[in-house]
Amino acid sequence: SPVWDTSINIIALAESGLPADHPALQKAADWLHKKEVRMRGDWVMNNPPAEASGWAFEYNNIYYPDTDDTAMVLMALRLVRPQNEDELAQLFERALKWQLSFQCRDGGWGE
C-alpha cells in the first residue's frame, strides 16, 4: 500500500534523525493529506455517527478507509512539522476521532 509505505518511511526517516520540518517529510505528509478518505462508504451501516476520515490500503479507494492504515498515518503525522499546521491539525483530529469510533465493544480494533 502506498499509504502504508509512505507512513512507515516518514516514521523511519524521522526516527533516524531527519528534522520534523525537512522538505521530504513535509511533502510526504502533504501527499497523505490528499489521500484522506472523506466519502462515507458502507461502513456507516455499523458506525453512522462517525465523520468520514481515515486512509485506505488501496491506491485510489475513496470509500473504504481502514483502521490499520489510519493508525500508521496517525503515527507518521505526529512526527512531521508541516507547512500548513492548522489544516493538518484539523485532519489529525478528525482522523483520530474516526479511529476511536471504530473501537470494538471488547476493547480491540478489527474490521
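Numbering (full-length UniProt numbering), first residue to last: 1 to 111. No residue lacks a Cβ here, since even glycine has one placed at the ideal position from N, Cα and C.
Member of the options whose CA lies at the smallest distance from the CA of residue i
{"i": "W109", "options": "H33, D66, K34 and A14", "result": "D66"}
{"i": "L32", "options": "L91, D106 and L96", "result": "L91"}
{"i": "E36", "options": "R94, H22, A24 and D42", "result": "R94"}
{"i": "W98", "options": "D21, D106 and M39", "result": "M39"}
{"i": "residue 113", "options": "G41, K34 and V44", "result": "Past the edges of the chain, shown from 1 to 111, lies residue 113, and the structure says nothing about it."}
{"i": "residue 112", "options": "S7, S53 and A52", "result": "Outside the modelled stretch of the chain, which goes from 1 to 111, sits residue 112, for which no answer is possible."}
{"i": "K44", "options": "Y64, D106, A14 and A20", "result": "Going by the sequence as given, residue 44 is Val instead of Lys. Ranking Y64, D106, A14 and A20 by Cα distance to V44 puts Y64 first."}
{"i": "N84", "options": "S53, D21 and Q103", "result": "D21"}
{"i": "D42", "options": "I62, P23 and D86", "result": "I62"}
{"i": "P96", "options": "R105, D68 and D106", "result": "The question names Pro, but residue 96 in the sequence shown is Leu. It is D68."}
Other residues of its chain near residue i: CB distance less than 8 Å, five sequence neighbours each side excluded
{"i": "V29", "result": "The amino acid occupying residue 29 in the given sequence is Ala; Val does not appear at that position. Hits under 8 Å: I10, A76, L77, V80, P82 and L88."}
{"i": "S101", "result": "N47, P49 and A50"}
- request: Write down every uninterrupted run of the alpha helix (DSSP H) in the UniProt domain "Squalene cyclase C-terminal" (1-110) whose length is 4 residues or greater and which is fully enclosed by it, in chain order.
  value: Entirely contained in the UniProt domain "Squalene cyclase C-terminal" (1-110), the alpha helix (DSSP H) runs reaching 4 residues are, in chain order, 2-15, 23-34, 67-77 and 85-101.
field: Inter-stretch contact at 8 Å, needing at least 3 Cβ pairs: the segment 3-14 / the segment 59-78
entry: Touching, per the Cβ criterion.
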